[in-house]
Amino acid sequence: AKKSSTSPLNAGKGGEPHQTATGKPVLTTNQGLPVADDQNTLTVGPRGPQLLEDFMMREKITHFDHERIPERVVHARGYAAHGCFQAYESHADLTAADFLSDPKKKTPVFCRFSTVAGSQGSHDTARDVRGFAVKFYTEQGNYDLVGNNMPVFFIQDGIKFPDLIHSVKPAPDRAFPQAQSAHDTFWDFVSLNAEAMHMLMWIMSDRAIPRSFRMMEGFGVHTFRMINQKGESKFVKFHWRPKLGTFSLIWDEAVKIGGADPDFNRRDLFNAIERGDYPEWELSVQAFTEEQANEFDFDVLDATKLIPEEIVPLTPLGKMVLDRNVDNFFAETEQVAFCPSHVVPGIDFSNDPLLQGRLFSYLDTQLSRLGSPNFHQIPVNKPKCPFANFQRDGHMQTEVPTGRVANEPNSLDDGLLREDPKRGFHSHPSDEAGSKLRVRPESFADYYSQARLFYRSMTEPEQRHIAAGFAFELGKCEEAKIRTRMLGHLQNVDASLADVVAESLGMKGQADDISPRVPVQDVDASPALSQYAKA
Ligand code: HEM
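Right, here's the structure in full:
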């Protein structure tokens, strides 16, 4: 499990390394030329002008000048490790995905945790959603489960994502992060999007300040499909459960640690793996039929809703262990490209409009972030099974395909690549019909019932933390109209929560009247969602 190499970039690759008289590998230029002096620029006389001729100095500085690539537009600050996934038993009844059908198979994985809003240099303990992205290098191609540590999301449709993110990122004029100064843009946006209420309960809860990546749950969020060899399909929701249990910081700790040790979470993961204390997660699904889905009082295509485990319990599938830190942060953690559309036969999408938006966004952004359509050739992104097609050329092409044919069908060479209808990926042939519209389904209209379910499922200390979270955040809003609007939404979630927050803000009786479009359901105060109840 230990790191493979400490050797500098490319030393000696492709032949016998140059060696110094003392047997050390020799520093070379990018052309392999041994360097005699890496300390002094070429000059005319010891105190004279520098020479443009100094190609070694120019190569070194030019490369340095181009070291940075754009950071991710979201989830810029992340930390990752390698590991492996193994199914407990065959799940062939559920899915044709081979990494889930053979308990003997160990599938290599790469897993990156992240915060969403902060830049690369922000601190680990900010109140935020955490990304939980796993790349499975399966024998049927790479499968990416690009999830978060919360089971729901702020918005129901991908077209709103740029607005959501602009509202939390630094303001265009002053460029300080909203999260540390005026909170107005974020709270303005979410208070005008009632669908965000359920996610706001999660984000104001302790879940938004995890104590450790090793103590964090993960969720696929959307409804996906699993399809078995017979073509039978079920809907699924993905869950990761940490072996260590789910634990959080409290706000005061998060603030102090954020100042004292901005690398708190990444250091914890790195150190745990270095000392052989390998973190583990269990992967489960909630699997249900389309007929069951039609009976729920919410829409499974709405990413602001979860499926209570009382209705659909978890089916454990297997275990992931992270046991190797990266050799190089940039090459692996920065250059890794996760993408929700990386699926394998046996796993497919649903019509969730947020998921469908994501299926477009990731490849598009990675083309500009990584700068080339050949970024799948970077080792961390490369499938570990054979892959080949007739795509060719482009920036940074490193493969050397041979032969004259780069098209198919072709009849010029029988040895060339062919489609495989039997083992290849087929989209699930679901029946779809309807008018072309821009309209939100009526089944997405209940914005408050699950927010209420979440709040009332919390233990008393957790409820206090949620109220304190709202009071702190809204207390940073300069515009009173945003605060009264948010208090109006909280009234619809839970009147006692709204009262505590209003009291803390000195705004009792000042909530706007926001009428829910559909009746808010009174829900059971089951503690199923409370991390403390489970721990
Ligand atoms: C990263 C877009 C919703 C989880 C990203 C990136 C983009 C993006 C552009 C940067 C990717 C890169 O540069 O490599 C979107 C859009 C969404 C959306 C348009 C809504 C339509 C979500 C949701 C989740 C999620 C709902 C969780 C289920 C992640 C994660 C990463 C990420 C974990 C970081 C991946 C990594 O570690 O590199 N997203 N996202 N996103 N997104 Fe989303």
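Sequential numbering from 2 applies to the sequence shown in UniProt numbering. Positions of the beta carbon are idealized from the N, C-alpha and C atoms, including for glycine. Fair warning: this is a prediction, and the values are worked out from it, not measured in the lab.
Practice problem: Check whether the Cβ of residue 133 lies closer than 7 Å to any heavy atom of the ligand HEM, and answer yes or no. | Solution: Indeed, a heavy atom of the ligand HEM lies less than 7 Å from the Cβ.
Practice problem: Drop a sphere of 10 angstroms on the beta-carbon of residue 112, count the other beta-carbons inside from all chains shown, and report buried for 16 or more, exposed for fewer. | Solution: Result: buried.
Quiz item: Which residue's Cα is closest to the Cα of residue 216: 270, 176 and 229?
Solution: If you compare the alpha carbons of 270, 176 and 229 with that of residue 216, the shortest gap goes to 270.
Quiz item: Are residue 219 and residue 148 touching if we call contact CB-CB under 8 Å?
Solution: yes
Quiz item: Where DSSP assigns a beta bridge to residue 148, which residues make up the other side?
Solution: 133
Quiz item: Does the separation of the CB atoms of residue 159 and residue 357 fall below 8 Å?
Solution: For residue 159 and residue 357, yes; Cβs fall inside 8 Å.
Practice problem: Output the distance between the C-alpha atoms of residue 60 and residue 51, rounded to the nearest integer angstrom. | Solution: 15 Å
Quiz item: Is the beta carbon of residue 355 within less than 7 Å of some heavy atom of the ligand SAH?
Solution: Absent from the structure shown: the ligand SAH. Ligands present: the ligand HEM.
Quiz item: Opposite residue 363 in the DSSP bridges: which residues?
Solution: In the DSSP output, where bridge partners are listed per residue, residue 363 has none listed.
Quiz prompt | Bounding residues of the beta strand (DSSP E) (the contiguous stretch that carries residue 441) | solution = Looking at the DSSP string, residue 441 is not in any beta strand (DSSP E), and its letter there is neither H nor E.
Exercise. Consider the C-beta atom of residue 403 and the heavy atoms of the ligand HEM; say whether any pair is separated by less than 7 Å.
Key: Every heavy atom of the ligand HEM is 7 Å or more from the Cβ of residue 403, so no.
Practice problem: Determine contact between the stretch 309 to 320 and the stretch 330 to 345, defined as no fewer than three beta-carbon pairs at a distance below 8 Å. | Solution: no
Quiz item: Do the stretch 424 to 436 and the stretch 401 to 416 meet, that is, are 3 or more Cβ pairs less than 8 Å apart?
Solution: Because the criterion of three Cβ pairs below 8 Å is not met, the stretch 424 to 436 and the stretch 401 to 416 do not touch.
Quiz item: Would you report the Cα separation of residue 223 and residue 285, rounded to the nearest angstrom?
Solution: 14 Å
Quiz item: Should residue 336 be counted as a contact of the ligand HEM given a C-beta to heavy atom distance under 7 Å?
Solution: no
Quiz item: Which value, in whole angstroms, describes the spacing of the CA atoms of residue 449 and residue 152?
Solution: Straight-line measurement puts the Cα of residue 152 at about 16 Å from the Cα of residue 449.
Exercise. Return yes when at least one heavy atom of the ligand HEM lies under 7 Å from the C-beta of residue 168, else no.
Key: no
Quiz prompt | Given residue 243 as reference, the closest of 432, 371 and 133 once Cα atoms are compared | solution = 133
Quiz item: If you draw a straight line from the C-alpha of residue 146 to the C-alpha of residue 250, how long is it?
Solution: 26 Å
Self-check item: Classification of residue 383 by the beta-carbon crowding that lies within 10 angstroms, buried from 16 upward
Solution: The C-beta of residue 383 has fewer than 16 other C-beta atoms within 10 Å across all chains shown, which makes the residue exposed.
Quiz item: If we count Cβ pairs, one from each stretch, closer than 8 Å, do we get three or more for the stretch 332 to 348 versus the stretch 291 to 302?
Solution: no
Quiz item: Just checking my contact of residue 485 with residue 446 at CB under 8 Å: how many whole Å lie between their CB atoms?
Solution: With a Cβ gap of about 23 Å, residue 485 and residue 446 do not count as contacting.
Quiz item: According to the Cβ coordinates, are residue 206 and residue 429 closer than 8 Å?
Solution: no
Quiz item: Taking DSSP as the reference, what is the three-state secondary structure of residue 317?
Solution: strand
Quiz item: Going straight from the alpha carbon of residue 338 to that of residue 70, what length do you get?
Solution: 13 Å
Quiz item: Is the CB-CB distance between residue 266 and residue 299 below 8 Å?
Solution: Cβ atoms of residue 266 and residue 299: not closer than 8 Å.
Quiz item: On the three-state DSSP scale, how would you describe residue 485?
Solution: helix
Quiz item: With DSSP run on the structure shown, which of helix, strand or coil describes residue 2?
Solution: Only weak support is given to the placement of residue 2: the predicted model assigns it a pLDDT of 44, under 50, and the value that follows is read from those uncertain coordinates. Residue 2: coil per DSSP, three-state reduction.
Exercise. With distances taken Cα to Cα, identify the nearest neighbour of residue 406 among 419, 396, 395 and 397.
Key: 419
Exercise. Could you tell me the distance, in whole angstroms, from the CA atom of residue 196 to the CA atom of residue 273?
Key: 38 Å
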